[in-house]
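Just so you know, the sequence shown maps onto residues 7 to 131 in this note's numbering. Glycine included, every Cβ here is placed at the ideal spot set by N, Cα and C. Worksheet for the structure shown next.
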Amino acid sequence: PGQMQALHLPPDAASGGAFARFLEVLAEAGRLNLLPFIRDEFDALLRDAEATLEVSVTSAQALDEAAQARLSESLARRYGRRIQLNLRQDPALVAGVVLEAEGEVIDGSMRGRLQRLAGALAHGN
7 PGQMQALHLP PDAASGGAFA RFLEVLAEAG RLNLLPFIRD EFDALLRDAE ATLEVSVTSA
67 QALDEAAQAR LSESLARRYG RRIQLNLRQD PALVAGVVLE AEGEVIDGSM RGRLQRLAGA
127 LAHGN
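Written out as structure tokens, the structure reads:
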């Protein structure tokens, strides 16, 4: 009961329903700490059902809305799905972007290009 009160549920959610019962079961089992993982799995299932692909985009500088739209459209054509961009910045990339989707990494950053060039020079290629 104490864990349920700590959730700060709206009054109507605590009064019943499948979700409230689900939370009660988690609380009774001492498993409310699993809620973030459950949410992540639910989000993944929802994206699959909606044919949405989550793509992590790391860029050296912030992408404006037009660049985001172009990137999203290009990825939608490539993967044949709706795209949800998760944006973050990393100035260490110098320029360009790194994309991650479904275990695939596309490194179009200047840092990545320089690392590949250094590797090729080190191996005499």
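- If you draw a straight line from the Cα of V63 to the Cα of P97, it comes to about 13 Å.
- DSSP, reduced to helix, strand and coil, places A35 outside both helices and strands of the structure shown, so it counts as coil.
- Around the beta carbon of L81, 16 or more other beta carbons sit within 10 angstroms, so the residue counts as buried.
- Secondary structure at L93: strand, using DSSP grouped into helix, strand and coil.
- In this structure, the CA atom of D46 is about 16 Å from the CA atom of A107.
- Judged by DSSP in its simplified three-state form, R119 adopts helix.
- With a 10 Å radius around the Cβ and a threshold of 16 neighbouring Cβ atoms, L123 comes out exposed.
- Considering only G23, A33, L29, L59, the residue with the shortest C-alpha distance to L91 is L59.
- E30 sits in a helix when the DSSP states are folded into three classes.
- Closest by C-alpha distance to L52, out of R88, R83, M116, Q74, is R88.
- DSSP places D70 in the coil class of the three-state scheme, outside both helix and strand.
- Here S115 is actually not in contact with A128; their C-beta atoms are around 19 Å apart, not less than 8 Å.
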